[in-house]
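The structure appears below as structure tokens.
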Amino acid sequence: MNYFHTLRDFVNFATAREFWHEKMDEGVFAYEKNKTEQIGEFLIRPIVKPFDSTLKRIREPYMITALTIAAISSVTLVFYPEECVEKIRNVFPIVSFLKPWIVKLAVFTGTEAIIFGFGTRTIGRLSQGDLITAWNSKSIVAIPLGAVIEQQ
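Numbering (my numbering) for the sequence shown: 1259 to 1410.
Below you can see the structure in the form of structure tokens.
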């Protein structure tokens, strides 16, 4: 059985926030998520929820301001790391107790958990017979992160 014809088709399926019936007036495609998909959803929630929220509000002035401040802060940290770390330690003294290997381990563990979560959620979705059947018959569409759907 050919579930996916292209890599883009597979990525749309794997990264979809939810699935809707082809006719949008029918609403969300209702299926019971299995434990594998639920574990994957739990693991990726810390990155997917803020990303989805940011994409939904990307055109609002406060979000543009917040993203600009985050970009300026990251550029400052990249070009002036010693000064930035010193200022951060002055503002938050607890940071001086953190060792570099602890930060690296936390970033590595978080990254691996997110990658594992996406894989687990995708395997869970692929094992859902109703979902795969509806996907193959093109009766559902994947709703990507950040999509705003107007309710009738």
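Even glycine gets a Cβ: it sits at the ideal position worked out from N, Cα and C.
message = For His1279, list the residues DSSP reports as bridge partners.
response = Taking the first residue of the sequence shown as position 1, residue 1279 is located at position 21. Looking at the DSSP assignment, His1279 forms a beta bridge with Ile1398.
Through-space distance from Ile1407 to Phe1300, alpha-carbon basis = As a first step, residue 1300 is located in the sequence shown; it is residue number 42 there, counting from the start. As a first step, residue 1407 is located in the sequence shown; it is residue number 149 there, counting from the start. C-alpha separation (whole angstroms): 24 Å.
Classification of Ala1288 by the beta-carbon crowding that lies within 10 angstroms, buried from 16 upward = For the purposes of this step, residue 1288 is identified with residue 30 of the sequence shown, where counting begins at 1. With fewer than 16 Cβ atoms within 10 Å of its Cβ, Ala1288 is classed as exposed.
inquiry  = Just verifying my parser: in three-state terms, what is the DSSP assignment at Val1286?
reply    = Here residue 1286 refers to the residue found at position 28 when the sequence shown is read from its first residue. If DSSP states are grouped into helix, strand and coil, Val1286 belongs with the strands.
task = Note down, one range per segment and in chain order, each alpha helix (DSSP H) of at least 4 residues found wholly within the segment 1337–1361.
result = 1339–1349
inquiry  = Helix, strand or coil for Phe1309? Go by DSSP, reduced to three states.
reply    = Indexing the sequence shown from 1 puts residue 1309 at position 51. Here Phe1309 sits in helix by DSSP.
ask   = Hey, is Leu1389 close to the ligand PLP, as in C-beta under 8 Å from one of its heavy atoms?
value = The ligand content of the structure shown is nil, which means the ligand PLP is not present either.
inquiry  = Quick test of the definition: if touching needs 3 or more C-beta pairs under 8 Å, does the segment 1376–1388 touch the segment 1261–1273?
reply    = yes
task = Helix, strand or coil for Thr1212, going by three-state DSSP, please let me know.
result = Summary: the structure shown does not reach residue 1212, with the chain confined to residues 1259 through 1410, and so no result is reported for it.
ask   = Under a three-way DSSP split, which group does Ile1315 fall into?
value = Numbered from its first residue, the sequence shown carries residue 1315 at position 57. The question names Ile, but residue 1315 in the sequence shown is Arg. Looking at Arg1315 - three-state DSSP - the assignment turns out to be coil, as it is neither helix nor strand.
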